[in-house]
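Chemist: Just so you know, the sequences run in chain order V and W.
The opening residue of the first sequence carries number 14 in this note's numbering; numbering runs sequentially from there.
The opening residue of the second sequence carries number 129 in this note's numbering; numbering runs sequentially from there.
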Amino acid sequence: MTLVGLVVLDVAALLLLAWLLNLVRVGRLYAGYAIIFMGAVVLVAIGCSVPALSAPIGRALHELFPGTGVLVSALAFVVLVLVYVLTQVTLLAHRVATIAQDLAIERAGPPRPPQRGE
Amino acid sequence: MSQPGRVLVAIPAHNEEATIADVVARVRAALPSCDLLVVDDGSRDATPSIVRREGVTLARHPCNLGYGRAIQTAIKYALRHDHDVLVTLDADGQHDPAQVPGLLETFTAASWDLAVGSRYVKTRSYAGVPVDRRLGMQTFSLTVKAFTGTRILDTTSGMKAFRRTVFAPLARWHFVDFHAEALVYLLRLGFAVGEHPIVVHERRHGTSMYSPISWLKYPAKTMLMSLVALWQAELTRRGAAS
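#1: Rounded to a whole number of angstroms, what is the C-alpha to C-alpha distance between W:I280 and W:W240?
#2: Between W:R365 and chain V, is there a C-beta pair that is closer than 7 Å?
#3: For W:A274, which of W:S253, W:F303, W:Y248 and W:A308 has the nearest alpha-carbon?
#4: With a cut-off of 7 Å, does the C-beta of V:G130 fall near any C-beta of chain W?
#5: Based on Cα-Cα distance, which residue from W:V167, W:T276, W:V312 and W:Y254 lies nearest to V:L116?
#6: For W:F450, which of helix, strand or coil comes out of DSSP?
#7: When you compare only the Cα positions, how much space is there between W:D218 and W:H329?
#8: V:Y97: which of V:I70, V:M51, V:R41 and V:R125 sits nearest, CA to CA?
#9: Output the distance between the C-alpha atoms of V:L105 and V:L99, rounded to the nearest integer angstrom.
#10: Could you tell me whether the Cβ atoms of V:L22 and V:F50 are closer together than 7 Å?
#11: Give a yes or no on contact between the region 355-367 of chain W and the region 311-327 of chain W, applying the rule of three or more CB pairs nearer than 8 Å.
#12: Quick check on W:T251: buried or exposed, where buried means 16 or more other Cβ atoms within 10 Å of its Cβ?
#13: Among W:S354, W:L165, W:Y205 and W:A149, which has the Cα closest to the Cα of W:A296?
#14: Pair every Cβ in the region 132-151 of chain W with every Cβ in the region 219-239 of chain W, then say whether three or more of these pairs are closer than 8 Å.
#15: Quick one: what does DSSP say W:H307 is sitting in, helix, strand or coil?
#16: At the level of alpha carbons, what is the spacing between W:G133 and W:H209?
#17: Say whether the region 229-246 of chain W touches the region 289-305 of chain W, bearing in mind that this needs 3 or more beta-carbon pairs closer than 8 Å, one atom from each stretch.
#18: With a cut-off of 8 Å, do at least 3 Cβ pairs link the region 253-263 of chain W to the region 189-204 of chain W?
#19: Cutting at 7 Å between CB atoms, please list the residues of its own chain near W:V151, excluding the five before and the five after it.
#20: Less than 6 Å between C-beta atoms, sequence neighbours within five positions excluded: which residues of the same chain meet that for W:L352?
#21: Taking only runs that begin and end inside the region 223-251 of chain W, name each unbroken beta strand (DSSP E) of 3 or more residues, in chain order.
#22: Does any CB atom of chain V fall closer than 7 Å to the CB of W:D210?
#23: Could you name the residues of the same chain whose beta carbon sits closer than 8 Å to that of W:A320, not counting the 5 residues immediately before and after it, in chain order?
#24: On a CA-only basis, which of W:T283, W:L232 and W:P347 is nearest W:S392? Give me that one, please.
#25: What separation, rounded to the nearest whole angstrom, lies between the Cα atoms of V:V85 and V:V57?
#26: Taking Cβ to Cβ, would you say V:A47 is nearer than 7 Å to V:V39?
#27: So which residues of chain V does W:T185 contact, with C-beta pairs closer than 9 Å?
#28: Pick from W:V155, W:R197, W:F235 and W:T271: whose alpha carbon is nearest that of W:G298?
#29: By the three-class DSSP mapping on this structure, what secondary structure does W:V327 have?
#30: Quick test of your reading: W:L225 and W:R154, contact by CB under 8 Å. State the CB separation rounded to the nearest angstrom.
#31: Less than 7 Å between C-beta atoms, sequence neighbours within five positions excluded: which residues of the same chain meet that for V:V54?
#32: Taking all protein chains shown into account, decide if V:G130 is buried (16 or more other Cβ within 10 angstroms of its Cβ) or exposed.
#33: Quick check: the Cα distance between W:V304 and W:V213, rounded to an integer number of angstroms?
#34: To the nearest angstrom, report how far apart W:A157 and W:T236 are at their CA atoms.
#35: For W:D169 versus W:L193, is the C-beta distance shorter than 7 Å?
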């Protein structure tokens with residue numbers, strides 16, 4: 014990989030990590046999902062940035078899947094769609110949790126009078 | 129005991145039929161003038177019916193939402209019903225309710241916004257704790273220290289006292305758990321957090337919420353959420369939170 018390509022890849026990885034972190038911050042992506050994506054981004058970035066890893070991985074991928082460029086693009090699209098789907102799942106889960114909490118509080122009613130010492 | 133206003137004692141419970149009646153009785157004996165709430169987090173056993181039989185206020189989740197959400201329900205309840213202080217303790221009998229008055233005295237005297245009932249603040253060491261748990265405790269404690277400058281030795285204690293000042297920010301946040309990440313969030317928002325020594329007994333009934341897999345997932349999620357809490361607190365302080 015050229016130096017320019019390496020820099021572009023690492024910057025893209027950092028931006029992706031920041032984006033995922035922000036999705037967690039605003040409650041749009043569950044932390045558990047974010048960890049999986051962030052782990053994958055870090056692994057891919059390391060795998061591509063370290064020549065001792067990227068060369069054999071690249072050769073293996075090219076032999077198994079000719080047209081690796083198309084494959085990478087397709088995988089990137091799938092990952093982005095997966096992030097989108099999981100943000101919707103997270104939002105739904107938050108809304109369900111909030112409704113469940115509010116229902117529990119409504120049904121509990123006011124505190125029962127504390128028992129006085131005998 | 130001089131109370132810091134109107135106190136709610138909340139016990140989050142999930143499948144604790146073996147101990148909940150005893151815990152409720154001991155809370156009533158130790159804290160007769162406090163309001164008492166059990167937050168049932170989708171129990172599948174007799175926990176809710178036992179709580180009803182004991183005549184305790186019950187907030188029941190229709191499904192299991194997790195410990196963090198159960199604590200948040202207690203906070204929202206305290207906010208709704210104008211309590212000044214919320215005390216939480218575990219439903220498994222590990223916490224002695226008789227230690228709560230001491231916690232509240234220290235909490236009031238020190239004017240803390242959050243007091244943590246701490247197993248380790250007196251000795252300032254984790255001696256006697258199994259290696260895996262000790263590693264986790266040290267990691268979370270050092271994480272809180274790194275992000276806030278404050279060393280909290282027992283970040284996972286279930287016995288805590290919350291002042292009304294922290295109800296609103298905690299009610300709004302989407303916690304995964306309610307330990308290290310909440311401490312980072314509150315400390316970075318400028319709230320005062322301290323530790324009061326308590327003794328915790330070993331669990332004799334039921335199962336811990338921490339499974340073998342959670343020993344891998346939990347630290348990763350906690351570290352991530354602590355980082356997110358740090359970021360969110362900074363944005364809130366600068367008035368730029370969305």
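Virtual Cβ for every residue (Gly too), placed ideally from N, Cα, C.
Modeler: The short version:
#1: Along the second sequence, one-based indexing puts residue 280 of chain W at 152. Along the second sequence, one-based indexing puts residue 240 of chain W at 112. If you take the alpha carbons of W:I280 and W:W240, they lie about 14 Å apart.
#2: As a first step, residue 365 of chain W is located in the second sequence; it is residue number 237 there, counting from the start. Cβ-Cβ to chain V under 7 Å: no for W:R365.
#3: Translated into positions along the second sequence, residue 274 of chain W becomes position 146. Per the Cα distances, W:A308.
#4: Taking the first residue of the first sequence as position 1, residue 130 of chain V is located at position 117. Only weak support exists for where V:G130 lies, its pLDDT of 44 falling under 50; the value from the coordinates is given anyway. For V:G130, the answer is yes, since a Cβ of chain W falls inside 7 Å of its Cβ.
#5: Translated into the one-based positions of the first sequence, residue 116 of chain V becomes position 103. Of W:V167, W:T276, W:V312 and W:Y254, the residue nearest in Cα terms is W:V167.
#6: In the structure displayed, chain W extends from 129 to 370; residue 450 of chain W sits before or after that span and is not available.
#7: Sequence index remark: in the second sequence, residue 218 of chain W carries index 90 (1-based). Sequence index remark: in the second sequence, residue 329 of chain W carries index 201 (1-based). Each residue's alpha carbon lies about 11 Å from the other.
#8: On the first sequence, position 84 is the one that residue 97 of chain V refers to. Ranking V:I70, V:M51, V:R41 and V:R125 by Cα distance to V:Y97 puts V:R41 first.
#9: Locating residue 105 of chain V in the first sequence gives position 92, counting from the first residue. Locating residue 99 of chain V in the first sequence gives position 86, counting from the first residue. Distance between the alpha carbons of V:L105 and V:L99: 10 Å.
#10: What you label residue 22 of chain V is simply residue 9 of the first sequence in a count that begins at 1. What you label residue 50 of chain V is simply residue 37 of the first sequence in a count that begins at 1. It is not a contact, given that the beta carbons lie outside the stated cut-off.
#11: yes
#12: For this step, residue 251 of chain W is matched to residue 123 along the second sequence. W:T251 is exposed by the Cβ-count criterion.
#13: Numbered from 1 along the second sequence, position 168 holds the residue referred to as residue 296 of chain W. Minimum Cα distance to W:A296 is reached at W:Y205.
#14: yes
#15: Walking along the second sequence from the start, residue 307 of chain W turns up at place 179. It is coil, neither helix nor strand.
#16: Taking the second sequence and counting its residues from 1, one reaches residue 133 of chain W at position 5. Taking the second sequence and counting its residues from 1, one reaches residue 209 of chain W at position 81. W:G133 and W:H209: Cα-Cα distance of roughly 13 Å.
#17: yes
#18: no
#19: Position 23 of the second sequence, counted from the start, is the residue given in the question as residue 151 of chain W. Cβ neighbours of W:V151 beyond the five flanking positions: I139, A219 and G221.
#20: Indexing the second sequence from 1 puts residue 352 of chain W at position 224. Cβ neighbours of W:L352 beyond the five flanking positions: none.
#21: 242-246
#22: If you number the second sequence from 1, residue 210 of chain W lands on position 82. W:D210 does not count as touching chain V.
#23: Here residue 320 of chain W corresponds to residue number 192 of the second sequence, with the count starting at 1. Taken in chain order, the residues that qualify are A238, S239, W240, D241 and L242.
#24: Outside the displayed range of chain W (129 to 370) lies residue 392 of chain W, so it cannot be described from this structure.
#25: Against the first sequence, residue 85 of chain V aligns to sequence position 72. Against the first sequence, residue 57 of chain V aligns to sequence position 44. The alpha-carbon atoms of V:V85 and V:V57 are separated by roughly 11 Å.
#26: Position 34 of the first sequence, counting from 1, holds the residue named residue 47 of chain V. Position 26 of the first sequence, counting from 1, holds the residue named residue 39 of chain V. It is not a contact, given that the beta carbons lie outside the stated cut-off.
#27: As a position in the second sequence, residue 185 of chain W is number 57, starting the count at 1. Those within 9 Å of W:T185 in chain V are A121, G122, P123, P124 and R125.
#28: The residue labelled residue 298 of chain W in the question sits at position 170 within the second sequence. According to the sequence displayed, residue 298 of chain W carries Leu and not Gly. Cα-wise, what sits closest to W:L298 is W:R197.
#29: Taking the second sequence and counting its residues from 1, one reaches residue 327 of chain W at position 199. Coil, per DSSP.
#30: By 1-based counting over the second sequence, the position of residue 225 of chain W is 97. By 1-based counting over the second sequence, the position of residue 154 of chain W is 26. Looking at the sequence shown, residue 225 of chain W is not Leu but Pro. Right, their Cβ atoms sit about 5 Å apart.
#31: For the purposes of this step, residue 54 of chain V is identified with residue 41 of the first sequence, where counting begins at 1. Within the same chain, V:V54 has close Cβ partners A26, L29 and L30.
#32: As a working mapping, residue 130 of chain V is identified with position 117 in the first sequence. Because the pLDDT at V:G130 is just 44, under 50, the model does not fix this residue reliably, and the point stays unresolved.
#33: Against the second sequence, residue 304 of chain W aligns to sequence position 176. Against the second sequence, residue 213 of chain W aligns to sequence position 85. Roughly 23 Å separates the two Cα atoms.
#34: Counting from 1 along the second sequence, the entry for residue 157 of chain W is found at position 29. Counting from 1 along the second sequence, the entry for residue 236 of chain W is found at position 108. Each residue's alpha carbon lies about 21 Å from the other.
#35: Locating residue 169 of chain W in the second sequence gives position 41, counting from the first residue. Locating residue 193 of chain W in the second sequence gives position 65, counting from the first residue. Going by C-beta atoms, W:D169 is nearer than 7 Å to W:L193.
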